Amino acid sequence: MNKKTEKHGFLKFDRADLLYLAALTVIGLAIRLILRVVTTDDWAMYWDPWISDLKEMGFSYLATDRYDYTPTFVYILWVISKLPINPMTAYKGLHIALDFVAAVIMGKIAWKVTGSRLKSITAYGLMLLVPTIWANSALWAQCDIIFMTFLLLCFYYFFEDRPCLAMFFFGMAFVFKLQSLFIFPFLVILWVNKKVQLKAFLWIPALYFLSIVPAWIAGRPLMELINIYMAQGAQDVWSLSIKWPNIYQIIGNQFFLLEYASSGTWLILGILMILMYAMAQKRYRITNEFIVQMALFFAILTPWFLPHMHERYGCVADILAIIYALMNVKKFYFPLVHILLSFNSYMAYLGQLRFNEPSIYYGVWAFVELGLLVLVGLDIWKYMKNPENQLAPVKKEAA
Amino acid sequence: MDDFLRDFIIKKWKIGSLSFTFLDALLAVCITGTGIFLRLPVMSYTETGVEKIGAIVLEYLLAVLCGAIVHRCTGSRNRAFLTYAILVIYPTVAANGALWNVNAVYYVILFFVGFYLYIRGFRFLGALSGLAGAVIAVCRMRQGWLDASVSMNVDYPQTLTFGWPNFYEIIPKGAFVNLFDKVFILFLLGLLFTLAYCFVKKKVQITPDLALRLFLFLAVLIPYFAPYMPAWAGYTADIAALLYFMRWKERFYIPMLHLIVSYSAYANVINGETKLPMVLYSVILLGILVNVGVDLYKEADS
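Here it is, written out as structure tokens:
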């Protein structure tokens, strides 16, 4: 399929397609409009006071240390503070619009990887129905859809074989959320396998630096801006797992808080090093499916060991699981289980469970997540063991 | 004498186009009687009136109808007869009318009449019957919600499920009730649209086998995500699961598990307590849904 046919084919809809697209767009919008009225703690405690301060202080607010998100997000809040509409409506409206953008990109990804218009259109429709997507933006007033949209674009351009652009969008995702780094090791594997060049990685620090320049000019010290993610990580340390079903929900998340917080971080770094070492021993044929397998693996693995993980930190794995199932229908259970698990964690927060366990204990979910991790790990193992997928070795051992 | 009796019980009798053995007739009489005697001891739990008696009669008719459906789908007289026999003593069917006086059979039978008409080729009439069943079901359930609200003296329901162990047992069932009741109806609509769209685009031929798979899938899916489902929301799926097993005997565990889930939901409401956490049944139902969904996908894709 050449690019022209591909683009033309993607936009060719018959009556049934249009009817389905219209129906799901209306349903997706209606779900979000119903939920837009909810005011969550995150809105009341963070975004609303930040926007109020921005209204009062204008751009000079960026010089203060009252915000612990990256300045890029605060620029968006600054724009919202200038709008003559209710700030929550504007805020949620923006993220809802991005839900639709993400759904379109998901549809394009499905078209790219499957060449099936049916899958492409249903991917758009189903993306709008995914509970963790609508709950994140319309209900919770969270902003994860911004970096997820950029991550989707990153994958789309990897599938298009435009790695530099893909890395640009990864850099954009990083500018908004640290969680984008969950899948960073897979980029290293792509580099080892010559899918991406080292210079493309410069997008990450370059975009980050560019994004903090306005705040720096406004007056906030440069070092504070560079270390904003470090400062973020130092908050919410009251539990080793903040409702995310990972290893700490099995071994106990309220003990050795400081000790495990540090050791757990080193542990996952060690695990990632070992994995990258093992995967860098040989060169592999990089297929779209292998890209998604690896990214999904790291998106599940990293939060499984990292301490202080929040309820929403499965969102990257949620969307990757959808792409994985689109590529291989036999893996349909990945998005089904992962989204259920993820939504359960969302609801533990949104349903005000506080320190109570949900109906299915976090520990049980942690084992379920481990099961998914093992399954996708085995898929990668099988792929790497298949001689057809192995290219010339990096180094030859002496005879 | 022994040989005479042995031959006698399996000797075929013919009345018009109907052929049967003595054993058939014996079981038919005995099981019909057993169905009555099984219901009698529990009937005093609720008021017995015309509606309940009518429901019991309809339960027998439903059993006959399901036998006919199985005969149509499998061509096996034995399986058809077994279907009748099992349904006459099916615990959830018997308890729904005789014990609980809910009498869901009044609308459930319309789904099966619709299904039977559909596989006989009367598609419009079949759809009409199913639609009529759905309208009555919604009205009955709506009345149930209103009654519950009045009895609990609340303006709005406090929980998203009224006893059926569905999706809401997994997430907190009391959270965002006034929003999620609409959101999940839309979500369900979205899923149904997607299903219909895939069928239309793939130009899937609805054979009787596929119709049966689809019927069970919808009977499990809809109460799994629809809000305010009562404990007897699995009534249709209970029976459809039995038909499913009669058609594909390797799926014997589906009616078995569904019946356990369904009766446990009854028991939870009637007894006011449950021996096992309801969330376990939600997970079992999800497993059934996935299993039937995969079967449906394979059949539609073949």
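Each protein sequence line maps, in turn, to chains A and B. The first sequence maps to residues 1 to 399 in the working numbering. The second sequence maps to residues 1001 to 1302 in the working numbering. Ideal placement from N, C-alpha and C gives every residue a C-beta, glycine not left out. None of the values given here were measured: they were computed from a predicted structure.
Mapping the DSSP letters down to three states, classify residue i as helix, strand or coil.
i, result
"A:Ser180", "helix"
"A:Ala399", "With a pLDDT of 42 at A:Ala399, under the threshold of 50, the modelled position of that residue is not reliable, and no figure is offered here."
"B:Phe1122", "coil"
"B:Tyr1156", "coil"
"A:Gln390", "strand"
"B:Tyr1012", "The residue asked about is misnamed: residue 1012 of chain B is Lys in this sequence, not Tyr. Reduced to three states, the DSSP call for B:Lys1012 is strand."
"A:Met309", "strand"
"B:Gly1163", "strand"
"A:Tyr67", "coil"
"A:Tyr284", "strand"
"A:Met384", "helix"
"B:Pro1277", "coil"
"B:Met1229", "strand"
"B:Pro1303", "Within the shown structure, residues of chain B are numbered from 1001 to 1302, placing residue 1303 of chain B beyond reach of any answer."
"A:Val175", "helix"
"A:Asn136", "helix"
"B:Gln1205", "coil"
"B:Trp1145", "helix"
"B:Leu1296", "helix"
"A:Lys195", "coil"
Would you say residue i and residue j are within 8 angstroms of each other, going by their C-beta atoms?
i, j, result
"A:Asn246", "A:Trp304", "yes"
"A:Phe176", "A:Ile146", "yes"
"B:Thr1074", "B:Arg1247", "yes"
"B:Trp1013", "B:Val1102", "no"
"A:Arg36", "A:Thr89", "yes"
"B:His1309", "B:Gly1234", "With chain B represented from 1001 up to 1302, any question about residue 1309 of chain B goes unanswered, as that position is not in the structure."
"B:Phe1115", "B:Ile1053", "no"
"B:Ser1151", "B:Pro1157", "no"
"B:Ile1170", "A:Ile339", "no"
"A:Val337", "A:Val368", "yes"
"A:Ala348", "A:Phe334", "no"
"A:Asp53", "A:Tyr61", "yes"
"B:Leu1186", "A:Ile27", "yes"
Can you tell me where the alpha helix (DSSP H) holding residue i begins and where it ends?
i, result
"B:Thr1092", "Pro1091 to Ala1094"
"B:Phe1020", "That residue, B:Phe1020, is in no alpha helix (DSSP H); its beta strand (DSSP E) goes Leu1018 to Thr1021."
"A:Arg405", "Since the first and last residues shown for chain A are 1 and 399, residue 405 of chain A lies out of range."
"B:Asp1209", "Pro1208 to Phe1225"
"A:Lys108", "Pro87 to Thr114"
"B:Glu1051", "Val1050 to Thr1074"
"A:Asp48", "Asp48 to Met57"
"A:Thr149", "Asp144 to Phe159"
"B:Leu1188", "Val1177 to Lys1201"
"A:Thr122", "Arg117 to Leu129"
"B:Tyr1084", "Arg1077 to Val1088"
"A:Val213", "Trp203 to Ala218"
"B:Thr1236", "Tyr1235 to Arg1247"
Could you work out which residue in the options is closest to residue i when comparing CA atoms only?
i, options, result
"A:Leu187", "A:Glu311, A:Asp53, A:Gln142 and A:Phe158", "A:Phe158"
"B:Thr1236", "B:Gln1205, B:Ala1137 and B:Gly1035", "B:Ala1137"
"B:Leu1099", "B:Asn1271, B:Glu1299 and B:Asp1301", "B:Asn1271"
"B:Lys1182", "A:Thr149, A:Ala23, A:Tyr346 and A:Leu33", "A:Leu33"
"A:Trp365", "A:Trp266, A:Ile271 and A:Gln249", "A:Gln249"
"A:Gly233", "A:Tyr91, A:Leu258 and A:Leu83", "A:Leu258"
"A:Tyr124", "A:Trp111, A:Val237 and A:Met327", "A:Trp111"
"B:Ala1240", "B:Leu1216, B:Pro1230 and B:Leu1189", "B:Leu1216"
"B:Phe1358", "B:Ala1080, B:Ser1282, B:Phe1199 and B:Ile1260", "One cannot answer for residue 1358 of chain B here, as it falls past the ends of chain B, which runs 1001 to 1302."
"B:Ala1265", "B:Glu1250, B:Asn1178, B:Ala1095 and B:Thr1207", "B:Ala1095"
"A:Ala97", "A:Thr64, A:Trp78 and A:Asn136", "A:Asn136"
"A:Ala22", "B:Tyr1118, B:Thr1194, B:Leu1280 and B:Gly1033", "B:Thr1194"
"B:Tyr1297", "B:Val1042, B:Cys1198 and B:Phe1008", "B:Cys1198"
"B:Glu1250", "B:Tyr1168, B:Val1292, B:Leu1280 and B:Ile1260", "B:Val1292"
"B:Gly1133", "B:Thr1161, B:Ala1219 and B:Pro1277", "B:Ala1219"
"B:Thr1159", "A:Gly351, A:Phe168, A:Leu378 and A:Met45", "A:Gly351"
"A:Leu240", "A:Ile80, A:Met223, A:Ala261 and A:Leu222", "A:Ala261"
"A:Ile401", "A:Thr149, A:Phe170 and A:Trp381", "Since the first residue of chain A shown is 1 and the last is 399, residue 401 of chain A is not available in this structure."
"A:Asp17", "A:Glu160, A:Ala278, A:Leu391 and A:Lys119", "A:Lys119"
"B:Val1093", "B:Glu1059, B:Leu1189 and B:Arg1123", "B:Glu1059"
I'd like to confirm something about residue i: is its beta-carbon nearer than 7 angstroms to some heavy atom of the ligand NAP, or not?
i, result
"B:Ala1134", "Looking at this structure, you won't find the ligand NAP or any other ligand, since it has none at all."
Exercise for the section: Please list the segments of the alpha helix (DSSP H) lying wholly inside the stretch 220-281 of chain A, counting only runs of 4 or more residues, in order along the chain. Expected result: 222-226, 228-233, 248-251 and 257-279
Handout entry: Runs of alpha helix (DSSP H) wholly within the stretch 319-376 of chain A (minimum 4 residues, chain order)
Key = 333-350
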